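Q: I have a structure here, written as structure tokens, and I will follow up with some questions on it.
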Amino acid sequence: MSDHTQENHIDSVGTYVKILVALLIATGLTTWVATIDLGAFSTVVALGIATCKMLLVALYFMHIRHSSKLTKLIVVGGMLWLAILLVLTMSDFASRGLLGVAGK
Amino acid sequence: MITAAAQEREHYLNASYGLKSWLLTKDHKRIGLLYLATITLFFFIGGAFATLIRVELLTPQGDLVSSETYNKLFTMHAVAMIFFFLIPSIPAVLGNFFLPIMIGARDLAFPKLNLLSWYLLVIGGAFSLFAMIAGGVDTGWTFYTPYSTTYSNSWVIATALGIFIAGFSSILTGLNFIVTVHRMRAPGMTWFRMPLFVWANYATSLIQVLGTPVLAVTIVLLFVEKVFHLGIFDPARGGDPVLFQHLFWFYSHPAVYIMVLPSMGVVSELISTFSRKAVFGYAFVAFSSVSIAVIGFLVWGHHLFVSGQSLYAGMVFSFLSYFVAIPSAIKVFNWTATLYKGSITFQTPMLYAFGFIGLFTIGGLTGLFLAALGMDIHVTDTYFVIAHFHYIMVGGALMGYLGGMHFWWPKMTGRMYPEGWAKLSALVIFLGFNLTFFPQFILGYVGMPRRYHVYPEEFQVLNVLSTAGASVLAVGYLIPMIYFIWSLKYGKPAPMNPWGATGLEWQTSSPPPVHNFDETPIVTRGAYDYTAVVSEEVEVG
Amino acid sequence: MADHLPQTGVPQTDVRQPGVPAAHVGGAHVPGAHGGHAAHAETFALRVQFDTEAQQKDASTLGMWLFLITEIMFFGGMFAVYTVYRNWYSDVFNVASSSLNQIIGAINTGVLLLSSFTMVMAVRAGQLGQRNMIIIFLILTLLFGGIFLGVKAYEWHEKWEEHHIPGQTGFHLEGVAPSEQGHAQLFFSIYFAMTGLHALHMVIGVVILLTLIFQAKAGKFSASYYTPVDVAGLYWHFVDVIWIFLFPLLYLIDRHMGK
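Residue numbers (the numbering used here), protein chains in the order written: chain A, 1 to 104; chain B, 105 to 645; chain C, 646 to 904.
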């Protein structure tokens, strides 16, 4: 039985405060950077910042850093399935009309 | 000896009495029986709709019901059978009862959640039943927009809400099973010592957990579009109905594997037990369940070949669809190899297992026809499709369910069923099934479309054959219903291990004690090791 | 949606089912059965199906993570809808997005992040067994969650005043051609569906918080048993993560184009 209990790791208050400050700064940053015309990159930047914030929350607040391999696998698996949903759905919408056949 | 003791001994059925002891039970075995009662009710409701459909189709004219009523009949047949019978069938009844016992646990990880799941199914079922009684729903079980959101005046919301609620029942059951398999295995029960039924249910649970929420959100979007006019899929506002179909089939194609995978797990147990051999290529069969669960999520677009999906996406989905055939074939070949040189006995559960293998193979191979882009355009929305998925869902999933019910009935109730009647009904079901659905392959191929109650006279002979088969099939389903109930009172008391099987469930008494085992079992060998089985073969017949 | 959450998050308190012979329950503590330690039944509730407290805690945590995966897929369906229409009607979506109040959105994001911080502090207090601190931080979390919902309600009301509710008679979005008003309605359909379902999850979270505060006051939690706080924390952070993505996707698309 390899599934083993996660250690009860207690982070310091300082760590949590630092993460909170980083998250608030990132929120300000993403709001500000949206005012600049980056062309197609503005979406990339916005989602990049959001992903960083998600990682901070997940790794520190949700303690994934100290979690079992199984928990990490579950999280990665969930992301993968979300990607399957988005990518295969978009495979249709992105290739509509490429053949010049009506309705295809 | 055993029989006398069995009368006295305390077990899960006689530990407490009264309605409250059942409705508030946290015992996974009792909850399994609650599910059994619920889904049996829906099976007969769905069966009644099927009967009306087949009677209507006896003649080319629409002389029994109007076309509007006919639309409602096939919709409600599908809703009852798919969402309230097939999807909960094996996991919620047999899985609930046996998964914890098979891994040596005292219960599922979350017993209260398990009870809640049953209540959710009942509440969802009540909504759908209400819709059926109040006037029915006519959209087809797929609820395609914009018909369902904009034009249909039938009970779409009540039915969809019922399915939404039942979906959470399915999600919570899956979640419960996954945690149980990860956290509750008995000492020595390693992953590769688990029975293949447990593997199959584990894979099914993954689909339930990953797929069902997408159905849930799709129904929410349908709901807000119909009720609050948030027109998410509304073409009048530039929305795309095909997007609805993508979301719907993201769940509903894998849902087919929710129905058939547990059945495959049952068949693995049956084939091994009744040929007294370890399953050939155990690891391959175990992993093929998981890979069917995974690949099943990559193929949904083959339901959209003719509905405005791009041709490139169609090609991708068609190509990916073929990959499902690989793990399915691995299973069929490995079952066949297990039979080779086994000491095969033809008891009732084994008859169902044989039925499953043959019918599933036909259903699977015709599925390949439908996965081919060009062929699919010819047979889309014809009876070929109807025949194909009934071979999978009735010939496959239902055969496995009935096989499992016969196999485990002695353990669940402590009573043997009459073997002679059981063999007879297995035969009647097999013949009736083929007579019902084989003609539909031909009907579809020559061009009879689905979902019409009026058809050209040329199709009548095959339709009469099909209806005749359905009558035989109905008789075949009624016989087990009768002798199962009869056996509760008059059946011979079942010994601990009537089949000489290897699973942990056969090493506890029949019926099992409240916490499954008198002491926690310690597992020291693989799932199908027949060298150490203490068998108490019972005189059957 | 997730109204079953308290069931996963909150443990059952009845340790042993009545009518179970002692021998069965004793079976839970067979020494060496899982190589685990004997359960401290006096400090917290070990349910009959488990052998050790570690096993019970692991099961709850695993169950919550699996539940969060179902939530990812639930919101995933809406993200798919968003992605498709955003690509099709990007110009209209830009205008519609700009009609939202970014500053309020950003401040509300900050409030939600603060609530995540207080939530993780409540979990930390649980780890350390500081009962009073658990209560204080849970109340703070509740407060920030309430502020978030209040601001959200204000924003929705604003949309109502501006006739930006899809299906509303007189729906009109300034700066969009009459022929494309339908596409603007699609944006707001998605906006209300996504923020609405997010808010519903927040409301469920608030109910869970209230339950936890009540339980904490009853002295249920200690350093050896704070699992409900722990798994409720996971849920709360997850709802936060969803908002972290909703904020840029709904409020910040090409904001440089201005109103």
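Idealized CB from N, CA, C, for every residue including glycine.
As the structure is a computational prediction, the values presented were derived from the model and not from experiment.
To the nearest angstrom, report how far apart A/LEU24 and B/THR263 are at their CA atoms.
A: In the first sequence, the residue the question calls residue 24 of chain A occupies position 24. In the second sequence, the residue the question calls residue 263 of chain B occupies position 159. If I take the Cα positions, the gap works out to 45 angstroms.
Q: Under the three-state reduction of DSSP, which class applies to B/PRO366: helix, strand or coil?
A: Residue 366 of chain B sits at position 262 when you count from the first residue of the second sequence. If DSSP states are grouped into helix, strand and coil, B/PRO366 belongs with the helices.
Q: Using a beta-carbon distance cut-off of less than 7 angstroms, what residues from the segment 879-903 of chain C approach chain A?
A: LEU879, HIS882, ASP885, VAL886, ILE889, PHE890, PRO893, LEU897, ASP899, ARG900 and HIS901
Q: Can you round the beta-carbon distance between B/SER252 and B/PRO192 to whole angstroms, since I take them to be within the 8 angstroms contact cut?
A: Taking the first residue of the second sequence as position 1, residue 252 of chain B is located at position 148. Taking the first residue of the second sequence as position 1, residue 192 of chain B is located at position 88. At roughly 24 angstroms, the Cβ-Cβ gap does not stay under 8 angstroms, so B/SER252 and B/PRO192 are not in contact.
Q: Determine, for B/GLY478, whether the minimum Cβ-Cβ distance to residues of chain A falls below 8 angstroms.
A: Here residue 478 of chain B refers to the residue found at position 374 of the second sequence. Answer no: the Cβ-Cβ gap between B/GLY478 and chain A never drops below 8 angstroms.
Q: First and last residue of the alpha helix (DSSP H) that includes B/VAL241?
A: Taking the first residue of the second sequence as 1, we reach residue 241 of chain B at position 137. Where B/VAL241 is concerned, there is no enclosing alpha helix (DSSP H), given that its DSSP letter is neither H nor E.
Q: Does any C-beta atom of chain A lie closer than 8 angstroms to the C-beta of C/ILE714?
A: The residue labelled residue 714 of chain C in the question sits at position 69 within the third sequence. So, interface residue.
Q: Looking at chain F, is there any beta carbon in it that lies within less than 8 angstroms of the beta carbon of B/LEU402?
A: Among the chains of the structure shown, chain F does not appear; the protein chains present are A, B and C.
Q: Smallest Cα separation from B/GLY385: which of B/ILE490, B/GLU114 and B/ALA631?
A: Along the second sequence, read from residue 1 onward, the residue named residue 385 of chain B stands at position 281. The shortest C-alpha separation from B/GLY385 is found at B/ALA631.
Q: Among the residues of its own chain, which have a CB less than 6 angstroms from the CB of C/MET760, if the five just before and after it don't count?
A: Here residue 760 of chain C refers to the residue found at position 115 of the third sequence. Sequence inspection shows Ser at residue 760 of chain C; the Met mentioned does not correspond to that position. Excluding sequence neighbours, C/SER760 sits near THR786, PHE789 and GLY790.
Q: Closer than 9 angstroms, Cβ to Cβ, to anything on chain C: give me those residues from the segment 50-82 of chain A, in chain order.
A: ALA50, THR51, LYS53, MET54, VAL57, ALA58, TYR60, PHE61, MET62, HIS63, SER67, SER68, LEU70, THR71, ILE74, VAL75, GLY77, GLY78, MET79, TRP81 and LEU82
Q: Can you give me the start and stop residues for the alpha helix (DSSP H) that B/GLU329 sits inside?
A: Stepping through the second sequence from its first residue, residue 329 of chain B is reached at position 225. Here the alpha helix (DSSP H) through B/GLU329 covers 300-331.
Q: Which stretch, first to last residue, makes up the alpha helix (DSSP H) that contains C/PHE695?
A: Numbered from its first residue, the third sequence carries residue 695 of chain C at position 50. Premise fails: C/PHE695 is in no alpha helix (DSSP H) and is neither H nor E.
Q: Hey, B/MET180 and B/GLY266 are a contact pair by Cβ (cut 8 angstroms); roughly how many whole angstroms apart?
A: Residue 180 of chain B sits at position 76 when you count from the first residue of the second sequence. Residue 266 of chain B sits at position 162 when you count from the first residue of the second sequence. So it is not a contact: roughly 11 angstroms between Cβ atoms.
Q: So for B/ARG519, helix, strand or coil by DSSP?
A: Here residue 519 of chain B is taken as the residue at index 415 of the second sequence, counted from 1. If DSSP states are grouped into helix, strand and coil, B/ARG519 belongs with the strands.
Q: Rounded to whole angstroms, what's the CA-CA distance from B/PHE68 to B/LEU177? Just pull it up for me.
A: In the structure as shown, chain B starts at 105 and stops at 645, and residue 68 of chain B therefore has no counterpart that could be examined.
Q: Under 8 angstroms by Cβ, that's how I've got B/PHE189 and B/PHE147 pegged, so tell me the actual separation to the nearest angstrom.
A: If you number the second sequence from 1, residue 189 of chain B lands on position 85. If you number the second sequence from 1, residue 147 of chain B lands on position 43. Rounded, the Cβ-Cβ distance is 5 angstroms, consistent with contact.
Q: Could you tell me the distance, in whole angstroms, from the CA atom of C/ILE752 to the CA atom of C/LEU758?
A: Position 107 of the third sequence, counting from 1, holds the residue named residue 752 of chain C. Position 113 of the third sequence, counting from 1, holds the residue named residue 758 of chain C. Using only the alpha carbons, I get a separation of about 10 angstroms.
Q: Within its chain, find whatever has a CB closer than 8 angstroms to the CB of B/LEU224; leave out the 5 residues flanking it on each side and keep chain order.
A: Reading the second sequence from its first residue, position 120 is the one you call residue 224 of chain B. The answer, listed in chain order, is ILE269, ALA270, PHE272, SER273 and LEU276.
Q: I'd like the list of long-range same chain contacts for B/ALA605, defined as Cβ closer than 6 angstroms, with 5 residues on each side in sequence excluded.
A: Along the second sequence, one-based indexing puts residue 605 of chain B at 501. Closer than 6 angstroms at Cβ, skipping near neighbours: THR377.
Q: Pull up the distance between the alpha-carbon of C/GLN860 and that of C/GLN775, whole angstroms please.
A: Mapped onto the third sequence, residue 860 of chain C falls at position 215. Mapped onto the third sequence, residue 775 of chain C falls at position 130. One C-alpha to the other measures close to 14 angstroms.
Q: For the segment 353-367 of chain B, enumerate the residues whose C-beta is nearer than 7 angstroms to any C-beta of chain A, in chain order.
A: PHE354
Q: Could you give the DSSP three-state label for C/SER867: helix, strand or coil?
A: Taking the first residue of the third sequence as position 1, residue 867 of chain C is located at position 222. Looking at C/SER867 - three-state DSSP - the assignment turns out to be strand.
Q: Compute the distance between the beta-carbons of B/ILE396 and B/PRO431, then report whether it is under 8 angstroms.
A: Walking along the second sequence from the start, residue 396 of chain B turns up at place 292. Walking along the second sequence from the start, residue 431 of chain B turns up at place 327. Yes, the pair counts as a contact, with Cβ atoms nearer than the cut-off.
Q: Does the CB of A/ALA105 have a neighbour CB from chain C at under 8 angstroms?
A: Outside the shown range of chain A (1 to 104) lies residue 105 of chain A, about which nothing can therefore be said.
Q: Using a Cβ-Cβ distance cut-off of 8 angstroms, determine whether C/ASP703 contacts chain B.
A: Indexing the third sequence from 1 puts residue 703 of chain C at position 58. True, the Cβ-Cβ gap to chain B drops below 8 angstroms.
Q: Using a beta-carbon distance below 8 angstroms, is C/GLN830 in contact with chain B?
A: Walking along the third sequence from the start, residue 830 of chain C turns up at place 185. It does; some Cβ of chain B falls within 8 angstroms.
Q: Helix, strand or coil, according to DSSP, for B/THR294 in the structure here?
A: To locate residue 294 of chain B, count along the second sequence from 1; it is residue 190. It is coil, neither helix nor strand.
Q: Cβ closer than 9 angstroms: which chain A residues qualify as neighbours of C/PHE695?
A: The residue you call residue 695 of chain C lines up with position 50 of the third sequence. What C/PHE695 touches in chain A: nothing, since even the nearest Cβ is about 12 angstroms away.
Q: Where does B/PRO192 fall in DSSP's three states?
A: Within the second sequence, residue 192 of chain B is the residue found at index 88, counting from 1. Here B/PRO192 sits in helix by DSSP.
Q: B/TYR594 lies in the alpha helix (DSSP H); which residues open and close that run?
A: Locating residue 594 of chain B in the second sequence gives position 490, where the first residue counts as 1. Looking at the DSSP string, the run of the alpha helix (DSSP H) that includes B/TYR594 is 564-594.
Q: Give the residues from the segment 720-747 of chain C that approach chain A closer than 8 angstroms (Cβ to any Cβ), ordered along the chain.
A: GLY721, GLY722, PHE724, ALA725, THR728, VAL729, ASN732, TRP733 and GLN747
Q: Extract the residue ranges of the alpha helix (DSSP H) inside the segment 165-189 of chain B, only unbroken runs of 4 or more that lie entirely within it.
A: 171-182
Q: Hey, does B/ALA270 have any beta-carbon neighbour from chain C nearer than 8 angstroms?
A: In the second sequence, counting from the first residue as 1, residue 270 of chain B sits at position 166. Not closer than 8 angstroms to any Cβ of chain C, the Cβ of B/ALA270 fails to qualify, so no.
Q: Starting from the Cα of B/VAL383, find the closest Cα among B/TRP439, B/MET552, B/ILE362 and B/VAL321 and give me that residue.
A: What you label residue 383 of chain B is simply residue 279 of the second sequence in a count that begins at 1. It is B/TRP439.
Q: Taking the straight line between their C-alpha atoms, what separation do you get for B/LEU566 and B/VAL313?
A: The residue given as residue 566 of chain B occupies position 462 in the second sequence. The residue given as residue 313 of chain B occupies position 209 in the second sequence. The straight-line gap from Cα to Cα measures roughly 41 angstroms.
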